[in-house]
Amino acid sequence: MNARRCADVIVVGAGIVGAACARALAQRGLEVQVLDDYRGGATAAGMGHLLVLDDNPAELALSAYSLQCWRDWAPRLPAGCAYRNNGTLWLAADAEELALAAAKQQRLSTHGLDCELLGAAALRAAEPALRADLHGALKVGGDGIVYAPNVVDWLLAHEHIRRCRAQVVELDGAAVRLADGRRLAAGAVVLATGIDAGALCPELPLTPKKGQLLITDRYPREIRHTLVELGYVKSAHQATGPSVACNIQPRPTGQLLIGSSRQFGSRDPGIDGTLLARMLKRAVHYVPGLATLNAIRCWSGLRAASPDGQPLLGPHPHRPGLWLALGHEGLGITTAPGSAELLAAQLCDERPPLPVAPFLPQRLLPEAADA
Amino acid sequence: MPELYIDGQRISVAAGTSVAAALALAGDGCSRSALNGTRRAPLCGMGVCQECRVSIDGQRRLACQTPCRDGMRVETRR
Ligand SMILES: Cc1cc2nc3c(=O)[nH]c(=O)nc-3n(C[C@H](O)[C@H](O)[C@H](O)COP(=O)(O)OP(=O)(O)OC[C@H]3O[C@@H](n4cnc5c(N)ncnc54)[C@H](O)[C@@H]3O)c2cc1C
Ligand code: FES
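And the structure:
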């Protein structure tokens, strides 16, 4: 392939994951070329909730490590990134959920994370806007929120990173072909195109999980923490059928960002009004006062889900020169910094900060028959 | 001819005039201020863009979708 070598590494996709990878590589002294055609992806659609999830040890390790990265970045993030370390309250609606909260506290504490079980009275004192009959909540103090699109700009503002608007139409090892016919080569190509990776690499087992969000007008601030029902874990992992869960996030502007829904198999960006209504009812069920507020926008986005729910971070097992940073599902804004460190460490032959085995692409890409 | 108040200033308009049109007739034409203080004004005129959010008698309304009525108090500075 007669391609021009343009950098040490080409990163395809300037969502939060591609941007974090570019930054991590540039910090190791590599020259990085970032390509994105501005079609837009999940990063602009997401809620920007930075949260530790603990459905399995790999997810807990990656999200906890990433949250620490976010707290380290925090003092340097420009105001437009709207970072706040406001904490998450996992709401327990009944005794069973309170037991779930206690078990979660156990797991997170073992991992050294700041969390506190609140009883009904303490919860009411912390968030008076919540319905009065909740049994309590688990407060996770290290969680936060951010406005991800502006973080992308901050991450890419680095002397070793060049950013260029271009559509990649073909991958060829450590080279790419662009829509205008040009070919660019590098020492390695990192694919970080989110759900659209399938068009370039059809063997990847990524499926879309559509989500819908709604944001209100600005109001005097009454809610401080991000409020998530503990049933979220149940509904988020329900294998079939659309699901909704209460997720209410106070933005620094005084707006409330309300989620969330999950719908398999749809790539249609249109709003499903029935599902949106179900989602809002769920939110109003927890915070009755929401019903009187005005909404100003709603939109949808696609989460790129892998079969086991964990991202693919590392070399493509059958395409030398191609590296993958994909499949971040509903947690990619949170886990971008950790994912980037895992990818950069592998690419630069360093010792990774966490075990990489659960994230290696080869676990999901069995040997080709003729390999 | 409904008579209303825009930021305390009295104005009378033809029947059927929207609050957005009344804003254009009185004051700076704007409905509200963004967080950074920039003044914002109606844009689409058809209830879609939400730029014309304004306080009318203490309630948030869309100026372009609200006809003027006698005695209305429209506040663009809160
Ligand atoms: C409704 C919703 C809510 C969410 N809420 C949260 C949350 O609260 N917290 C959290 O941590 N995560 C959340 N997520 C998940 C998070 O948004 C994603 O995991 C994350 O943004 C994925 O980032 P990415 O960089 O991998 O992909 P993307 O952001 O999709 O970026 C891919 C980029 O690749 C570019 N691209 C694609 N194909 C090409 C091509 N051929 N050539 C050039 N460029 C190309 C696109 O323009 C795009 O910029 C949410 C997701 C959704 C949908
Ligand atoms: S001007 Fe667009 S909604 Fe009123």
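These protein sequence lines map, in sequence, to chains F and E.
Per full-length UniProt numbering, the very first residue in the first sequence carries number 1; after that it's consecutive.
Per full-length UniProt numbering, the very first residue in the second sequence carries number 1; after that it's consecutive.
Ideal placement from N, C-alpha and C gives every residue a C-beta, glycine not left out.
Owing to the predicted nature of the structure, the values given are computational and were not obtained by experimental measurement.
Between the Cα of residue i and the Cα atoms of the options, which residue gives the shortest distance?
i: residue 362/F; options: 297/F, 100/F and 316/F; result: 316/F
i: residue 167/F; options: 37/F, 298/F and 356/F; result: 37/F
i: residue 57/E; options: 51/E, 66/E and 50/E; result: 66/E
i: residue 292/F; options: 275/F, 26/F, 325/F and 218/F; result: 218/F
i: residue 19/E; options: 4/E, 37/E and 9/E; result: 4/E
i: residue 34/E; options: 287/F, 51/F, 253/F and 176/F; result: 253/F
i: residue 297/F; options: 336/F, 261/F, 257/F and 265/F; result: 257/F
i: residue 160/F; options: 28/F, 318/F, 66/F and 151/F; result: 28/F
i: residue 181/F; options: 4/F, 108/F, 134/F and 359/F; result: 4/F
i: residue 92/F; options: 62/F, 134/F and 63/F; result: 134/F
i: residue 14/F; options: 39/F, 243/F and 311/F; result: 39/F
i: residue 41/F; options: 162/F, 193/F and 367/F; result: 193/F
i: residue 285/F; options: 267/F, 269/F and 228/F; result: 228/F
i: residue 9/F; options: 75/F, 176/F and 329/F; result: 176/F
i: residue 112/F; options: 67/F, 289/F and 331/F; result: 67/F
i: residue 357/F; options: 58/F, 226/F, 266/F and 207/F; result: 58/F
Please state whether the Cβ-Cβ distance between residue i and residue j is less than 8 Å.
i: residue 333/F; j: residue 48/F; result: yes
i: residue 42/E; j: residue 64/E; result: yes
i: residue 75/E; j: residue 7/E; result: yes
i: residue 174/F; j: residue 273/F; result: no
i: residue 123/F; j: residue 90/F; result: no
i: residue 210/F; j: residue 306/F; result: no
i: residue 365/F; j: residue 170/F; result: no
i: residue 32/E; j: residue 54/E; result: yes
i: residue 114/F; j: residue 142/F; result: yes
i: residue 190/F; j: residue 325/F; result: yes
i: residue 337/F; j: residue 345/F; result: no
i: residue 146/F; j: residue 65/F; result: no
i: residue 21/F; j: residue 343/F; result: yes
i: residue 9/E; j: residue 26/E; result: yes
i: residue 101/F; j: residue 230/F; result: yes
Return the first residue and the last residue of the alpha helix (DSSP H) that residue i is part of.
i: residue 333/F; result: 332 to 347
i: residue 198/F; result: First-last for residue 198/F: undefined, no H or E at that position.
i: residue 21/F; result: 16 to 26
i: residue 150/F; result: 148 to 156
i: residue 273/F; result: 273 to 286
i: residue 447/F; result: Because residue 447/F is not part of the residues shown, which for chain F are 1 to 371, the question remains open.
i: residue 22/E; result: 19 to 25
i: residue 304/F; result: Where residue 304/F is concerned, there is no enclosing alpha helix (DSSP H), although the beta strand (DSSP E) it sits in stretches over 295 to 305.
i: residue 44/F; result: 42 to 45
Is residue i buried or exposed, if buried means 16 or more other CB atoms sit within 10 Å of its CB?
i: residue 72/F; result: exposed
i: residue 263/F; result: buried
i: residue 279/F; result: buried
i: residue 369/F; result: With a pLDDT of only 48 at residue 369/F, under the threshold of 50, the placement of this residue in the model should not be trusted; the figure read from the coordinates follows. Exposed, because fewer than 16 other Cβ atoms sit within 10 Å of the Cβ of residue 369/F.
i: residue 271/F; result: exposed
i: residue 110/F; result: exposed
i: residue 130/F; result: buried
i: residue 247/F; result: buried
i: residue 48/E; result: exposed
i: residue 327/F; result: buried
Specify the secondary structure class of residue i as computed by DSSP and reduced to three states.
i: residue 371/F; result: With a pLDDT of only 43 at residue 371/F, under 50, the local geometry of the prediction cannot be trusted, and no value is derived from it.
i: residue 310/F; result: coil
i: residue 115/E; result: Given a span of 1 to 78 for chain E in the structure shown, any question on residue 115/E remains unanswerable.
i: residue 61/E; result: strand
i: residue 68/E; result: coil
i: residue 226/F; result: strand
i: residue 208/F; result: strand
i: residue 359/F; result: helix
i: residue 160/F; result: coil
i: residue 178/F; result: strand
i: residue 260/F; result: strand
i: residue 50/F; result: strand
i: residue 33/F; result: strand
i: residue 171/F; result: strand
i: residue 105/F; result: helix
i: residue 84/F; result: strand
i: residue 165/F; result: strand
i: residue 98/F; result: helix
i: residue 76/F; result: helix
i: residue 116/F; result: strand
i: residue 216/F; result: strand
i: residue 16/E; result: coil
i: residue 290/F; result: helix
i: residue 364/F; result: coil
i: residue 329/F; result: helix
Could you please give the first and the last residue of the uninterrupted beta strand (DSSP E) stretch that includes residue i?
i: residue 66/F; result: Residue 66/F -> not in any beta strand (DSSP E); alpha helix (DSSP H) instead, spanning 57 to 73.
i: residue 8/F; result: 4 to 12
Distance cut 7 Å, beta-carbon to ligand 3 heavy atom: residue list by chain order: Absent from the structure shown: ligand 3. Ligands present: ligand 1 and ligand 2.
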